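Asker: My questions all concern the structure below.
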Amino acid sequence: AQSVTQLDSHVSVSEGTPVLLRCNYSSSYSPSLFWYVQHPNKGLQLLLKYTSAATLVKGINGFEAEFKKSETSFHLTKPSAHMSDAAEYFCVVSDLVRRTGTASKLTFGTGTRLQVTL
Amino acid sequence: DAGVIQSPRHEVTEMGQEVTLRCKPISGHDYLFWYRQTMMRGLELLIYFNNNVPIDDSGMPEDRFSAKMPNASFSTLKIQPSEPRDSAVYFCASSPGRDTQYFGPGTRLTVL
């Protein structure tokens, strides 16, 4: 079974300071990992994904995440927060056990609400 | 590409009424997913289709919920009869067959 834990339900940073959103995962297999962002009253947008290539993954809007197998972590970072980054962020793990015709199932974390202040 | 399209964006109905949510996936994507998001339970997978065939509906809460995909470009999620506890945001997502899913903007359902 797979699971994902987002360690902080709410993070507040000042504009221009670094962002760190923490995520730990559990998976029986080599997982695929994702970060999605959801702005208020909007759908989920893919920020970045890890699929067993480079462990440091760069995404959109200056975000990046590092896959650390030894720590079972996939933390999301950004060097300098912008007001437009205020949103809910979801860490997601995907199982790779798949039969023909079936899809990978995504397991979502509970989300981290990022607040950016002036 | 227009992305995943969902309609309506907002729906307000009274308890007992039938509700139909619609989704148009990204062209060429073989998989279509329906999710429900609530404050209490977060994001839950309800059902998904592969090539228009339902593969896993274990997340559908009860018989009041049904989903269809009559062709590769259209899917519906129907609730009949609706209840206040069905109030949530319902998302449709599509996938080209790999891990990555692309989400629509969602339908916010309120059942009074």
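If you're matching them up, the sequences are chains A and B in order.
In our numbering, each residue's number is its place in the first sequence (first place is 1) plus 118.
In our numbering, each residue's number is its place in the second sequence (first place is 1) plus 7.
Yeah, the Cβ is synthetic: ideal placement off N, Cα and C, and Gly gets one too.
Just so you know, these numbers come straight off a predicted model, no measurement behind them.
Whose Cβ in chain B lies nearer than 8 angstroms to the Cβ of T228(A)?
Answerer: Simply G49.
Asker: Is it the case that the Cβ atoms of L194(A) and A204(A) are separated by a distance below 8 angstroms?
Answerer: Contact: no.
Asker: Compile a chain-ordered list of the residues in the segment 175 to 187 of chain A whose CB is closer than 9 angstroms to at least one CB of chain B.
Answerer: Under the 9 angstroms Cβ criterion, the segment 175 to 187 of chain A contributes no residue.
Asker: Do V137(A) and K196(A) count as a contact pair if the criterion is CB distance below 8 angstroms?
Answerer: Yes, Cβ-Cβ distance for K196(A) and V137(A) is below 8 angstroms.
Asker: Relative to the C-alpha of Y38(B), which residue among T117(B), R115(B), G113(B), Q108(B) is closest?
Answerer: When only C-alpha atoms are compared, the closest one is Q108(B).
Asker: What is the DSSP secondary structure of R43(B), reduced to helix, strand or coil?
Answerer: Three-state DSSP puts R43(B) in a strand.
Asker: For G177(A), which option in L166(A), K186(A), S170(A), K187(A) has the closest C-alpha, if you only look at C-alpha atoms?
Answerer: Looking at the Cα atoms, L166(A) is the closest of the given residues.
Asker: Answer with yes or no whether the minimum CB distance from G1(B) to chain A is below 8 angstroms.
Answerer: No answer is possible for residue 1(B): the residues shown for chain B start at 8 and end at 119.
Asker: Hey, which unbroken runs of the beta strand (DSSP E) at 3 residues or more fall wholly within the segment 172 to 226 of chain A?
Answerer: Qualifying beta strand (DSSP E) stretches, in chain order: 174 to 176, 182 to 186, 191 to 196, 205 to 212, 224 to 226.
Asker: When DSSP labels each residue in this structure, what does R16(B) get in the three-state scheme?
Answerer: DSSP places R16(B) in coil when its eight states are reduced to three.
Asker: With burial defined as no fewer than 16 other Cβ atoms inside 10 Å of the residue's Cβ, what is the status of K187(A): buried or exposed?
Answerer: The residue in question, K187(A), is exposed, as its Cβ has fewer than 16 Cβ neighbours within 10 Å.
Asker: Does the structure place the segment 73 to 85 of chain B close enough to the segment 43 to 63 of chain B that three or more beta carbon pairs sit under 8 angstroms?
Answerer: Yes: at least three Cβ pairs fall under 8 angstroms.
Asker: Would you check if the distance between the CB atom of V11(B) and the CB atom of G104(B) is smaller than 8 angstroms?
Answerer: No, they are not a contact pair.
Asker: Is P91(B) helix, strand or coil when you go by DSSP?
Answerer: Looking at P91(B) - three-state DSSP - the assignment turns out to be helix.
Asker: Relative to the ligand ATP, is the shortest distance from any of its heavy atoms to the C-beta of P197(A) smaller than 7 angstroms?
Answerer: Ligands are entirely absent from the displayed structure, and the ligand ATP is therefore not among its contents.
Asker: Using a Cβ cut-off of 9 angstroms, which residues of the segment 149 to 172 of chain A contact any Cβ in chain B, in chain order?
Answerer: Answer in chain order: S150, F152, Y154, Q156, N159, K160, G161, L162, Q163, L164, K167, T169.
Asker: Nearest to S191(A) by CA position, among K223(A), S202(A), L174(A), M201(A), is which residue?
Answerer: When each option's Cα is compared against that of S191(A), the closest is L174(A).
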